[in-house]
Structure formats: C-alpha cells, structure tokens
Amino acid sequence: MDLVRRARPEAVLALPGAVQRSAGVRIGGTDGVAVPRSAASGAVRADLDEVFRREYPRVVGVAARVLGSRDSAEDVAQDVFLSFGRSSVPAGEARGWLSVAAAHTALNLLRSGRRRASREKSAAAADDVVAPDVADAVVTLEERRRVRAALARLPRRQAVALVLRHSGLSYADVAAALDLSPGSVGTTVRRAESALREELNRHASSD
Amino acid sequence: MRHPTEGVLRRLVDEPAGVSDADRQHVADCPVCLTGLAAAREDAMVVGAALHTDGAADVDPAAAWQRLSTALPARAAAPTAPRRRSGLLRRPAAAALAFAVVLSGAGVAAANDWLPIFRTEQVAPLEVSPDDLVALPDLTAYGDVELTGDGGPHSVPDAAAARDETGLEVPEVADLPRGVDGEPVYQVVGELSGVFTFSAEKAAAASGEPLPPLPAGLDGSQVRLTAGPGVAAVWSQTSGMPTLVVGRAVAPSASSSGVPFETVRDFLLSLPGLPEDVAAQLRTYTADGSTLPVPVPADLVETSQAEVDDLPATVLESRDQALAAVVWVDDGVVTLVGGALGTDEVLGIAEDLG
Numbered sequence: 001m002d003l004v005r006r007a008r009p010e011a012v013l014a015l016p017g018a019v020q021r022s023a024g025v026r027i028g029g030t031d032g033v034a035v036p037r038s039a040a041s042g043a044v045r046a047d048l049d050e051v052f053r054r055e056y057p058r059v060v061g062v063a064a065r066v067l068g069s070r071d072s073a074e075d076v077a078q079d080v081f082l083s084f085g086r087s088s089v090p091a092g093e094a095r096g097w098l099s100v101a102a103a104h105t106a107l108n109l110l111r112s113g114r115r116r117a118s119r120e121k122s123a124a125a126a127d128d129v130v131a132p133d134v135a136d137a138v139v140t141l142e143e144r145r146r147v148r149a150a151l152a153r154l155p156r157r158q159a160v161a162l163v164l165r166h167s168g169l170s171y172a173d174v175a176a177a178l179d180l181s182p183g184s185v186g187t188t189v190r191r192a193e194s195a196l197r198e199e200l201n202r203h204a205s206s207d
Numbered sequence: 001m002r003h004p005t006e007g008v009l010r011r012l013v014d015e016p017a018g019v020s021d022a023d024r025q026h027v028a029d030c031p032v033c034l035t036g037l038a039a040a041r042e043d044a045m046v047v048g049a050a051l052h053t054d055g056a057a058d059v060d061p062a063a064a065w066q067r068l069s070t071a072l073p074a075r076a077a078a079p080t081a082p083r084r085r086s087g088l089l090r091r092p093a094a095a096a097l098a099f100a101v102v103l104s105g106a107g108v109a110a111a112n113d114w115l116p117i118f119r120t121e122q123v124a125p126l127e128v129s130p131d132d133l134v135a136l137p138d139l140t141a142y143g144d145v146e147l148t149g150d151g152g153p154h155s156v157p158d159a160a161a162a163r164d165e166t167g168l169e170v171p172e173v174a175d176l177p178r179g180v181d182g183e184p185v186y187q188v189v190g191e192l193s194g195v196f197t198f199s200a201e202k203a204a205a206a207s208g209e210p211l212p213p214l215p216a217g218l219d220g221s222q223v224r225l226t227a228g229p230g231v232a233a234v235w236s237q238t239s240g241m242p243t244l245v246v247g248r249a250v251a252p253s254a255s256s257s258g259v260p261f262e263t264v265r266d267f268l269l270s271l272p273g274l275p276e277d278v279a280a281q282l283r284t285y286t287a288d289g290s291t292l293p294v295p296v297p298a299d300l301v302e303t304s305q306a307e308v309d310d311l312p313a314t315v316l317e318s319r320d321q322a323l324a325a326v327v328w329v330d331d332g333v334v335t336l337v338g339g340a341l342g343t344d345e346v347l348g349i350a351e352d353l354g
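Protein sequence lines correspond, in order, to chains G and R. Each residue of the first sequence is one higher than the one before, starting from 1 at the first, in the UniProt record's numbering. Each residue of the second sequence is one higher than the one before, starting from 1 at the first, in the UniProt record's numbering.
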C-alpha cells in the first residue's frame, strides 16, 4: 500500500497547452493530480534542463511510436516537459512520469485526430523515401496506419504499457509507472500485441 | 506443473532475466509453451516494427531546449551547452548494452532464452532484448538443442589470470578516454557449445503445414555451434555501471555431421512460419565463423562499416548516441570495444589496443 501517492502524469492532460483530458481514463492513483509547484510565481523546477537532456529522446520516442511522426512527437514532448517543469514530481520518478505523460498525450492526440494534415503528409513522404530497413521488410506503411488506429481503440492501460515497453522501459519501470505488478506487465503487453496483430491479420485476410 | 501464463511467455521474449528458473525450465521442455513463446515473439516483433518511426531517434535536444525555454514562464539559469557524451549524462541502461555485446561474442552458442549466461546481473537492466544481440537462433521448435559448456562469466583477479584461463591475450588499453578511469574488472567465460538435432516432426508441427521436400540426410542430422572462450575488461563508474568494455573471444562457428551446415540453414530459412528474428540470426551464421553474428535491433542501434588495423569492422551506435561499439574479427578471434563513448573514441581505442 502506498502511504504517499505521487503526482501522476495524467494531470498533464489537464494543464493548459496540453490536449484535452480524456474522460474516464485513469492510470495510476486515485488522487493523481500534479500540483504546479510554484504556479503563482511561474518558476520552474531547477533540474528541468538536466532531466530534459537526459530524457528528451526517450519522450519523443514514446510519442513517435503512437503518432508515427517525429514532428508531432516533438510537439507532444514540448507539452510534456512544460508540464513537468511546473510540477514537483520527484526526480527519481521523472522517466516513468514523462513516458506515461507522453503516451497519454499522444494517444489523446491520435484519438482526437488533431494531428495537422501537413504533418501527416510530410511524415508519409518521409516514410516513402527512407531506405528499406528491417521494419519496412516486415510491415507496410498501410499496416502501420492500421496498427496505430487499433492502438487508439485499445484499453488505455494496455496501449500505454505496450508503448512504454517498446520504447525501452524495463518491465519494472513500466510496472512502477503504471502502478501495475511486474508480473502483470507481460500479460498486459501480450494482450495489446495480440489485439494489434489480430487487427493486422483481419485486414490481411479481407484484402 | 501448470503452464506459465502468457505474460511470463511474453517476458521470456525480451526480458528473460525476469523469469523464474522453474518457468524457464518448464517452457524449455514443453511443446505447448514453446509454441506460445514463438507466437508471442512473432507478435512482439511485428507490432514493434509497426510502431517504429523512421527518424524518431534523430532529435536535436539543444534546439528543442531552446524552444522549450522560450515557452517557460521564467527561467533562472541560461540554457546549458550540450555536454560531451562521455560526461555524466551516460545512460546506465545503454551502457549495459556494450556488455551484452561482449557476452554475445563470448557466449553466442549458449544464447538461448533460458540459458544461465544471460541471467547475469549485467544484462538484466538491458533496454535491448538479449535475444536481439545474440546469434544463436532459437531453434528449439525445429529440433532438439543440447547445450554444454561454461556456467557463465566470472571474474578473475587480473589480466594474467584471465590469459591463463582462456588462452587469449587480454587487450591492453594504452590511453583511457576522458571520463573512464581506475582499474578494470576482468571477466572470463569458457567455451560454450550447443548441438542442434533437426527433427522433421517438430519442424512440421512448428510450421503448421506439410514441410517442403527434405534434403537427403537432413532429418536427424546435427549441427554444432561453438563459441568462446572469451575475456572482457570492464571499467565502471562507482555506481557499478560499465563505462568502457574491451572484450575478446574466439569467434563463434558452426559445424555439422551428415549434411553441410549451409543445407540445414537454407532449409530452415525456406520453412513457412519461421519467425523473422530467427531467420535474421540464421542468415548471419556461417560455417567458418567469418561473419560476425551480431544481429542488432534496427530501431535502437545503427550500424556502419569501418576499419581497424586494416580489417573490416562493424560500428554500432545507439540511436540516441549514448553508446557506441566497434567489433571486428581477426583470424577467428572477435574483439569488441564499446562504452558510453562516441564512435570516434571507440575507434581510437580499438586502433591503439596493445
């Protein structure tokens, strides 16, 4: 049992500048509200630049896995770090907090379809010109779109756990970030992958 | 014993160190679980590839910081200049990757999911699945695999002891790069080998459909995969995270009884349903050990070619540029230099090895 609940990243969704809070989604504690530390004075936490330089690529990576576009992912990262800078999340929990926040914000964006059309276009163009790599050999661009659409429909906890694990967070990190037991992370991720794979197969067989 | 849950099978795919010995043993011996494991592995691979975004790792944190700074309401400190990579920004998880590459060089033949060597503490915090970094494909669905050899890497007091135990000259680093100091810890691992016996029955079950015609003599023929011994010198921060690893090992090789190894390999590659990651590993494997079997996860590591002492070398760099390594093979001996350094630094060390 937690005696002290830490601020949970879902609060990011409620802050100005971030995308709208999604109804009924609750990852983590029941009282997960990040209190802006010095909102009145507008000050930001002293360790922001250090945390930023350490975690920025990962936060972009989390959002990019959801959105499929680096530009959109960097926009999300800006929002997330802005919120983090105003929060009092303990430094030791920064990675998990930022990753969960990035996943939520990106999933909301994906679901609300607020990605700018120009961004989508440029991302698609970029996809077309890059040299084939391992990923390209396995799935097509169209399949990636389908997977992301299916990702937006997954139960939120499954989607976040999946994205965090594929972004390199360990099972222990994912468990801590989502208040899951380490043993259930594998089950959650497996179910998400199974659902996405079914989505791919369903389309493949109906083609 | 009841079957482990699907969550346990999933964790075996990319964090086997987190799975209990009992569950590993069960899975190793249980056709039902092995089928489940293969399915979990394939789903994870396909979904991982689908979520991959090209260019996502090529971010410019300095520019992004400028953008954030202008959006912040107040800022006491000026933005700091980007720090040198070998400074304190080293990411422990990434640094551990170098060590895993060394282990894979030393322990390739023993690199099945449940093998003890990959349960070492050094590999546990990996961001990258050890499966991705080791070369012995998981062929348990296509026959019997019997592993023999060393119980895993262990420390020895000094370079002389490492040489005595492995018969390998331990590489000496003349000038340590900035940010790396102190004395290294020497680790050694003995020779490891695995014998794979092809089974038409198992292969048919794994494929889920009738097999293509078998080359004569294939059923029951054996392939022996051998690697090691190996030695690694590991410099660490006071926190215990490795900053520089210099490793050397007898390069892995394959030999066979009955039909040539290439026949076995090519037939396996022709089978429907062979997981792509297993196929990728198989393709890197050659009978004479001349190809370096380091399949790397493309979404985390970039590879390029270079030369060390006029020999072709493979440079690995994590996409976040936190880690770099260079690997080359000289006369059947593979050497790796890696750490929380830049590619220029690891190449410099590699050229100057004593």
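From the three backbone atoms N, C-alpha and C, an ideal C-beta is built for every residue, glycine too.
Inset, instruction - Note down, in chain order, each residue of its chain lying with its Cβ closer than 6 Å to the Cβ of R/L9, except the 5 sequence neighbours on either side. - result: G36, L37, A40
Inset, instruction - Pull up the distance between the alpha-carbon of R/L168 and that of R/V231, whole angstroms please. - result: 7 Å
Legend entry - Beta-carbon proximity check, R/A200 vs R/L214, cutoff 8 Å: Less than 8 Å divides the Cβ of R/A200 from the Cβ of R/L214.
Legend entry - Any C-beta of chain G under 8 Å from that of R/L37: no
Inset, instruction - Taking C-beta pairs closer than 8 Å, name the residues in chain R that G/A64 reaches, listed in chain order. - result: T53, A56
Inset, instruction - Out of R/G18, R/E345, R/L347, R/A350, state which residue places its alpha-carbon closest to the alpha-carbon of G/S181. - result: R/G18
Legend entry - Chain-ordered chain R contacts of residue 215 of chain G [CB-CB under 9 Å]: Absent from the model: residue 215 of chain G. The displayed extent of chain G is 1 to 207, so no value can be given.
Legend entry - Which of helix, strand or coil DSSP assigns to R/R248: strand
Inset, instruction - Can you grab the Cα-Cα spacing for the pair R/S256 / R/L218, in whole Å? - result: 11 Å
Inset, instruction - List the residues that DSSP assigns as beta-bridge partners of R/D330. - result: Answer by DSSP bridge pairing, in chain order: R/V333.
Inset, instruction - Please classify R/P184: does DSSP put it in a helix, a strand, or coil? - result: coil
Inset, instruction - Give every residue of the same chain whose Cβ lies closer than 6 Å to the Cβ of R/G348, excluding the five residues on either side of it in the sequence, and list them in chain order. - result: There are no such residues.
Inset, instruction - Establish whether the CB of G/F81 and some CB of chain R are separated by less than 8 Å. - result: At least one chain R Cβ lies under 8 Å of G/F81.
Inset, instruction - Measuring only between beta-carbons, confirm whether G/E142 sits less than 8 Å from chain R. - result: No, G/E142 lies away from the interface with chain R (no Cβ there is under 8 Å from its Cβ).
Inset, instruction - Specify the secondary structure class of R/D60 as computed by DSSP and reduced to three states. - result: coil
Inset, instruction - Would you kindly check if the distance between the Cβ of R/V337 and the Cβ of residue 355 of chain R is under 8 Å? - result: Outside the shown range of chain R, which is 1 to 354, sits residue 355 of chain R, and nothing can be said about it.
Legend entry - Local conformation of R/D21 per DSSP, three classes: helix
Legend entry - G/S99 burial status per 10 Å Cβ neighbour count (16 or more: buried): buried
Legend entry - R/G48 versus G/V80, G/R148, G/V51, residue with shortest Cα-Cα distance: G/R148
Inset, instruction - Could you tell me whether any Cβ in chain G is nearer than 8 Å to the Cβ of R/R2? - result: no
Inset, instruction - Pull up the CB-CB distance for R/P171 and R/V246, whole angstroms please, since I reckon it's below 8 Å. - result: Indeed they touch by this definition, with Cβ atoms about 5 Å apart.
Inset, instruction - Determine, using beta carbons only, whether residue 208 of chain G and G/V163 come nearer to each other than 8 Å. - result: No answer is possible for residue 208 of chain G: the residues shown for chain G start at 1 and end at 207.
Inset, instruction - Answer yes or no: does any C-beta atom of chain G fall closer than 8 Å to that of R/L72? - result: Yes, because at least one Cβ of chain G sits closer than 8 Å to the Cβ of R/L72.
Inset, instruction - Given a cut-off of 8 Å, decide if G/A102 and G/D47 are closer than it, judged by their beta-carbon atoms. - result: It is not a contact, given that the beta carbons lie outside the stated cut-off.
Legend entry - Reduced DSSP category for R/H3 - H, G, I as helix; E, B as strand; rest coil: coil
Legend entry - Inter-residue CB distance, G/S167 and G/R65 (contact presumed, cutoff 8 Å): 6 Å
Legend entry - Those runs of the alpha helix (DSSP H) which lie wholly inside the segment 131 to 187 of chain G and span at least 4 residues: 134 to 138, 141 to 153, 156 to 166, 171 to 178
Legend entry - chain R residues whose Cβ lies nearer than 7 Å to that of G/H166: Simply G48, L51.
Legend entry - Option nearest R/P212 by Cα separation, candidates R/M45, R/V264, R/T314: R/V264
Inset, instruction - Enumerate in chain order the residues of its own chain whose CB-to-CB distance from R/P210 is below 8 Å, with the five nearest sequence positions on each side excluded. - result: A204
Inset, instruction - Have a look at R/H154 and G/L154 and give me their C-alpha separation to the nearest angstrom. - result: 45 Å
Legend entry - Partner residues on chain R for G/S69, Cβ-Cβ distance less than 8 Å: Against chain R, a Cβ distance below 8 Å from G/S69 picks out T53.
Inset, instruction - Compare the beta carbon distance of G/R146 and G/H203 with 8 Å and say whether it is the shorter of the two. - result: yes
Inset, instruction - Quick one: list the residues of chain G neighbouring R/E6, beta-carbon separation under 7 Å, in chain order. - result: Neighbours of R/E6 on chain G, chain order: T187, R190.
Inset, instruction - Out of G/R190, G/G61, G/W97, G/S72, state which residue places its alpha-carbon closest to the alpha-carbon of G/S83. - result: G/W97
Legend entry - C-beta neighbour in chain G for R/E209, strict 8 Å: no
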